[in-house]
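Trainee: Read in order, the letters of the sequence shown correspond to residues 64 to 557 in our numbering.
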Amino acid sequence: MSMVQPKFRTTQFELADPALFRGFSYVGGRWTAGASAQMFAVTNPADGSHLGDVASLSATDSAQAVDAAQQAFGPWSSMLPQQRAATLRRWYELILEHREDLALLMTLEQGKPISEARGEIDYGASFVEFFAEEARRPNIEGVTSHLPDAEVEVWREPVGVAALITPWNFPSAMLTRKAAAALAAGCTVVAHPSAQTPFSALALAELSERAGFPAGTFNVVTGDAPVVVEPWMKDRRVRAVSFTGSTEIGKLLYRQSADTVKRLVLELGGHAPFILFADADLDQAVEEAIKAKFATSGQDCLGANRFFVERPVYEAFCAKFTEATSRLTVGAGMDDPDIGPLMNDAAVAKQEQHVADALGKGARLLTGGARHDAGRLFYQPTVLADVPVDALIMHEETFGPVAAIAPFDTEEEVLEKANDTEYGLVAYLHTQDPRRIYRASRTLQFGMVAVNRTKVTGAPIPFGGMKQSGLGREGSRLGMEAFTDVKYVCRDWA
Ligand code: NAP
């Protein structure tokens, strides 16, 4: 078995720090290809080129990552909070120092435009900075005693080993958002990044080593997801699971967590409504609508999937939004277009299916509607108007650059339509009427409501969904909850 780490296969681009390119898993402070040394290939979605090979660990190898994390848990959790904070802070600084290389790796494996990749590195780093600060905050609460001669306290203690499972659309920020919270709480981590985008996570592991996390504190295990993750779900030493991905796999992990009663954070799919009332600033709404639909090439759980526009401004919005959409540039992420490739063939097929279905049910095609000639995984930015409520796109996440627009007449009607989904992650609302803003914000069954703007996320806010969009919250102080247990202590004075 060769113990030499695979090489970066792309000759077109170079990393300033080639050691950030890692192909082995990181377990117990060592880089490993596992007992069998099996590898799988990772390709660039922009052109299908081979970026490099990555270790495919077995179930036995994966269980050993839990051994390592369990061993590291005692020392890490009993370390002084300021020492944990300092290690996280060093990780944050290293991530920013290597921003360009990390963004390059992300764009090559994920396909997103390089400016967006840089933005994700900054966003991801901000969680490490935030939780480095949170690590120092008091985790003991004094309570006014309800008992005579007794002193009452509530402590928060780290749960133990946390398993983190992250998707391909935000390969860096989804990992830092989970890992920084878990590590700050005093947990140790086993993480599985998507097999489609493992290099971003492995580069973060390399930087975690340089930051000085003790061996076994932060482990990244690559390979076939069911093979790697199942042993973690069965292992009772794994006390918490934090997952971002599809609702289908989220439900599977929910079921698998039952036997060992794991703490659970699930960040699942979204199906965001974008609601535009006639009193809104139309030009601003069009600008925000473009961001809400086409960021991350439409492959974003926060992506607007359903545009509801009040009838008096319906045609004007359709015209302006279509015009802005047809100006969007499409190409390989390294050329920094507005829209890059989709992740895989299934994603392209889903765009085709949703568009054909909507057109078959009477929708009007305003622009796009076909594959893009930039390459196999590219789809044209597309706008559909008059999309009927029974179209697939009005019920399923499209996860791509296709926008579906429909008119509405009353506030009551549109809020009912917006809530008519099992998803409840984010809703976008455009209106100038403060009373309507209040009423609609109250009525919308979504974990996040964005009023007259699109970008609302960040480290200090609780990110998460209602209904089948998930459980728990990430970011903010709430982001540490699933990684801690509450312990109540009552001491007798007498
Ligand atoms: P996915 O198929 O559910 O994959 C997510 C993660 O789960 C990946 O690491 C995947 O590994 C792993 N996985 C797949 N099958 C598994 C199994 N049987 N057991 C354990 N792990 C398994 O989701 P996706 O298609 O990659 O990501 C897109 C979805 O994520 C969308 O629905 C989107 O809305 C959602 N998302 C939600 C948020 C949020 O915060 N709410 C943020 C971003 C994305 P492999 O990729 O290696 O198979």
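All residues carry an ideal CB built from backbone N, CA and C; glycine is no exception.
Are there 16 or more other CB atoms within 10 angstroms of the CB of D164, so buried, or fewer, so exposed?
Mentor: buried
Trainee: Would the C-beta of C250 count as close to ligand 1, meaning under 6 Å from any of its heavy atoms?
Mentor: Not so, every heavy atom of ligand 1 lies at least 6 Å from the Cβ.
Trainee: Use the C-beta contact count for L447: other C-beta atoms within 10 angstroms, 16 or more gives buried, fewer gives exposed.
Mentor: buried
Trainee: To the nearest angstrom, report how far apart K424 and E350 are at their CA atoms.
Mentor: 28 Å
Trainee: Inspect the beta-carbon positions of C364 and F546 and report whether they are closer than 7 Å.
Mentor: no
Trainee: Can A243 be considered in contact with ligand 1, in the sense that its beta carbon sits closer than 6 Å to one or more heavy atoms?
Mentor: no
Trainee: Determine the direct distance from the alpha carbon of T229 to that of R536, and round the result to whole angstroms.
Mentor: 15 Å
Trainee: Do C553 and ligand 1 come close, with the Cβ less than 6 Å from some heavy atom?
Mentor: Taking 6 Å as the cut-off, the C-beta of C553 does not count as close to any heavy atom of ligand 1.
Trainee: Less than 7 Å between C-beta atoms, sequence neighbours within five positions excluded: which residues of the same chain meet that for S178?
Mentor: The residues are D399.
Trainee: Please find out if some non-hydrogen atom of ligand 2 comes closer than 6 Å to the beta-carbon of N282.
Mentor: Among the ligands present in this structure, namely ligand 1, ligand 2 is not found.
Trainee: Is G308 a contact residue of ligand 1, with contact defined as CB to any heavy atom under 6 Å?
Mentor: yes
Trainee: Count the other C-beta atoms from every protein chain shown that fall within 10 angstroms of the C-beta of L488, then say buried if there are 16 or more, exposed otherwise.
Mentor: buried
Trainee: CB-CB under 6 Å to E192, same chain, minus the five flanking residues each way: which ones, in chain order?
Mentor: Closer than 6 Å at Cβ, skipping near neighbours: Y155.
Trainee: Quick one: what's got a C-beta closer than 6 Å to F340's C-beta in the same chain, skipping five residues either side?
Mentor: E373 and T494
Trainee: Measuring alpha carbon to alpha carbon, tell me which of K550, N482, L541 and L345 ends up nearest S504.
Mentor: Comparing Cα positions, the closest option is N482.
Trainee: Report yes if the C-beta distance between A118 and N282 is below 7 Å; otherwise report no.
Mentor: no
Trainee: Any heavy atom of ligand 1 within a distance shorter than 6 Å of the CB on N368?
Mentor: N368 Cβ: outside cutoff for every heavy atom of ligand 1.
Trainee: Is S121 near ligand 1, with its Cβ less than 6 Å from a heavy atom?
Mentor: Answer for S121: no, Cβ out of range of ligand 1.
Trainee: Would you tell me roughly how many angstroms separate the C-alpha atoms of A104 and F380, rounded to the nearest one?
Mentor: 44 Å
Trainee: Where does the unbroken beta strand (DSSP E) through Y551 begin, and where does it stop?
Mentor: T547 to D555
Trainee: Would you decide whether R554 is buried or exposed? Buried here means 16 or more other CB atoms lie within 10 Å of its CB.
Mentor: exposed
Trainee: Using the C-alpha atoms, what's the distance from L167 back to A79?
Mentor: 10 Å
Trainee: Go through the stretch 187 to 229 residue by residue and report every complete run of the beta strand (DSSP E) that reaches 3 residues or more, in order.
Mentor: 203 to 206, 213 to 221 and 224 to 229
Trainee: When you compare only the Cα positions, how much space is there between T445 and V452?
Mentor: 18 Å
Trainee: Quick one: what's got a C-beta closer than 8 Å to G521's C-beta in the same chain, skipping five residues either side?
Mentor: Cβ within range, chain order: Y186, S189 and G538.
Trainee: By how many angstroms is the C-alpha of S532 removed from the C-alpha of G308?
Mentor: 10 Å
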